[in-house]
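Visitor: Okay, handing you the structure first.
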Amino acid sequence: MTSSPSAQSVDQTALTTYVLGLGDDALILAQRLGEWITRAPQIEEDIALGNIALDLLGQARTLLSYAGELEGAGRGEDDLAFLRDEREFRNLQLVEIENGDFAVTMARQLIFSAYQFELYKALLTSADTTLSALAAKAVKEVDYHRDHATQWVLRLGDGTAESHDRMQAALNQVWPYVEEIFEGSDTTATLAGIAADPTALRPAWSDYVENVIAEATLTMPTPKWRSRGGRTGYHSENLGHLLPDMQNLHRSHPGATW
Amino acid sequence: MTTPDAPASTSARKGWPLWEVFIRARRGLSHQHVGSLHAPDAAMALRNARDVYTRRGEGVSIWIVPSAAITASSPDEKDPFFDPAMDKAYRHPTFYDVPEGVSHL
Numbered sequence: 058m059t060s061s062p063s064a065q066s067v068d069q070t071a072l073t074t075y076v077l078g079l080g081d082d083a084l085i086l087a088q089r090l091g092e093w094i095t096r097a098p099q100i101e102e103d104i105a106l107g108n109i110a111l112d113l114l115g116q117a118r119t120l121l122s123y124a125g126e127l128e129g130a131g132r133g134e135d136d137l138a139f140l141r142d143e144r145e146f147r148n149l150q151l152v153e154i155e156n157g158d159f160a161v162t163m164a165r166q167l168i169f170s171a172y173q174f175e176l177y178k179a180l181l182t183s184a185d186t187t188l189s190a191l192a193a194k195a196v197k198e199v200d201y202h203r204d205h206a207t208q209w210v211l212r213l214g215d216g217t218a219e220s221h222d223r224m225q226a227a228l229n230q231v232w233p234y235v236e237e238i239f240e241g242s243d244t245t246a247t248l249a250g251i252a253a254d255p256t257a258l259r260p261a262w263s264d265y266v267e268n269v270i271a272e273a274t275l276t277m278p279t280p281k282w283r284s285r286g287g288r289t290g291y292h293s294e295n296l297g298h299l300l301p302d303m304q305n306l307h308r309s310h311p312g313a314t315w
Numbered sequence: 179m180t181t182p183d184a185p186a187s188t189s190a191r192k193g194w195p196l197w198e199v200f201i202r203a204r205r206g207l208s209h210q211h212v213g214s215l216h217a218p219d220a221a222m223a224l225r226n227a228r229d230v231y232t233r234r235g236e237g238v239s240i241w242i243v244p245s246a247a248i249t250a251s252s253p254d255e256k257d258p259f260f261d262p263a264m265d266k267a268y269r270h271p272t273f274y275d276v277p278e279g280v281s282h283l
């Protein structure tokens, strides 16, 4: 572990890893939501998912640029997004799982945006001014993402018999990825006052999500396994399929713009 | 949900009724009709309108109205409705002299 004396004894390596993790979450989920474009059930929903994806992409750009700056190796947002391989990504496994049907996407979206809302709320008071400034802007965006997912989970859960069953199946499918979100690590422990302690975000997250699930007449899943390792570069096979899609253009035509 | 559903008779595409969207661009202006969209109910219509019609900072307030709730004049009634107003020039405020220097009349 190296720490730059100019940075008020903040562990730069830990901070880089932390920021990269948050940036990768936003980037990979933006890519997944982008896959819905032209495929959503209605054009109105197509635009809604596109808007959410673009909000996340904006957050990813800020975070990845900042991570590159902290790393100090001359890598910019594009280098980090398009030129890293699977093992170098630090995102939670939750965001890389396939879209599935619309219910799976909404289950993942409810879980993630409710977490991200608590995360950014906590980062509002971070001692790191880049993180607190990003949080101030992003918390409003994510408030809407959470509301959007909530509206759908309520309607699908408390809708027809089929929509109820499929919404329940979607929750069951996505729930094994929940534990990983709230796991503390050496990285977050080192960064007290700067990073948000994931464990501390869980009570408010649980309150919110459990209320939505109850109101939607759904049942809390009890998963038989759990994912782990996304933050240290271990991923499901899903990420391996997503990356070529996301990175191909940049790798074929480095620096392409339009 | 507490928001009202659209009447069942509303024209539907894949079962979703049509809604008319009105947006107020800023305080002091009135809501203007900007278009329509499909949504399963009023609460979702409001959110869809936010996504479809206010992406570029167009508004500060949105109204949603079920399209079926609008009573429109018919093209057949065009003559009795609108023609009688055509030759009544005295209804236009063109017979007043505007004083010099009044800029916001």
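As you go down the protein sequences, you meet chains V and Y in turn.
Residue 280 in the numbering used here sits at position 223 of the first sequence; the count goes up by one each step and never skips.
Residue 217 in the numbering used here sits at position 39 of the second sequence; the count goes up by one each step and never skips.
Note that the Cβ used here is the ideal one computed from N, Cα and C, for glycine as well.
Bear in mind that the values here come from a model prediction, so they are computed numbers and not experimental data.
1) Measuring only the C-alpha atoms, how far is Ile242 (chain Y) from Tyr201 (chain V)?
2) How close, in whole Å, do the beta carbons of Val238 (chain Y) and Arg269 (chain Y) come, if the pair is a contact with beta carbons under 8 Å?
3) Just to confirm, is the Cβ distance from Arg223 (chain V) to Ala160 (chain V) under 7 Å?
4) What residue range is occupied by the uninterrupted beta strand (DSSP E) comprising Glu98 (chain V)?
5) Figure out for me which residue from V:Leu90, V:Ile238 and V:Val67 has the closest Cα to the Cα of Met303 (chain V).
6) Among V:Gly133, V:Asp204, V:Pro311 and V:Ala171, which one has its Cα closest to the Cα of Val266 (chain V)?
7) Give the residues of chain V in contact with Val222 (chain Y), contact being defined as C-beta atoms less than 7 Å apart.
8) Could you check the C-alpha separation between Val76 (chain V) and Leu120 (chain V) for me, to the nearest Å?
9) Could you tell me which residues DSSP puts in a beta bridge with Gly213 (chain Y)?
10) Put Val67 (chain V) into one of helix, strand or coil per three-state DSSP.
11) Between the C-alpha atoms of Ala252 (chain V) and Val280 (chain Y), what's the straight-line distance to the nearest angstrom?
12) Report the residue from V:Asn268, V:Leu228 and V:Glu294 whose alpha carbon sits nearest the alpha carbon of Pro278 (chain V).
13) Given this structure, state the Cα-to-Cα distance separating Thr245 (chain V) from Tyr291 (chain V), to the nearest angstrom.
14) Near Phe259 (chain Y), what residues of its chain come up, given a Cβ to Cβ distance below 8 Å and the 5 sequence neighbours on each side ignored?
15) Which value, in whole angstroms, describes the spacing of the CA atoms of Gln210 (chain Y) and Met222 (chain Y)?
16) Measure the alpha-carbon distance for His192 (chain V) versus Trp232 (chain V) and round it to whole angstroms.
17) Alpha carbon to alpha carbon, what distance is there between Leu181 (chain V) and Ala190 (chain V)?
18) By how many angstroms is the C-alpha of Ala130 (chain V) removed from the C-alpha of Pro62 (chain V)?
19) Taking the DSSP output, what are the residues bridged to Ala249 (chain V)?
20) Could you compute how far the alpha carbon of Leu140 (chain V) sits from the alpha carbon of Ser214 (chain Y)?
21) Identify whether Ser284 (chain V) lies in helix, strand or coil by the three-state DSSP scheme.
22) By the 9 Å beta-carbon criterion, what residues does the stretch 210–234 of chain Y contribute toward chain V?
Guide: Based on what the coordinates show:
1) 18 Å
2) The Cβ separation is near 34 Å, so there is no contact.
3) yes
4) Residue identity check: residue 98 (chain V) is Pro in the sequence provided, not Glu. Taken as a continuous stretch (DSSP letters only), Pro98 (chain V) belongs to no beta strand (DSSP E), as it is neither H nor E.
5) V:Leu90
6) V:Ala171
7) Val is not the amino acid found at residue 222 (chain Y); the sequence shown has Met there. Correct list: Gln208.
8) 6 Å
9) Y:Val199
10) coil
11) 60 Å
12) V:Leu228
13) 18 Å
14) Ser251
15) 20 Å
16) The sequence given here has Ala at residue 192 (chain V), not His. Cα to Cα, Ala192 (chain V) sits roughly 26 Å from Trp232 (chain V).
17) 7 Å
18) The predicted model places Pro62 (chain V) with a pLDDT of 42, which falls under 50 and marks its position as unreliable; any figure quoted below should be read in that light. About 17 Å.
19) V:Ala252
20) 43 Å
21) coil
22) Leu215, His216, Ala217, Pro218, Asp219, Ala221, Met222, Ala223, Arg225, Asn226, Ala227, Arg228, Asp229, Val230 and Arg233
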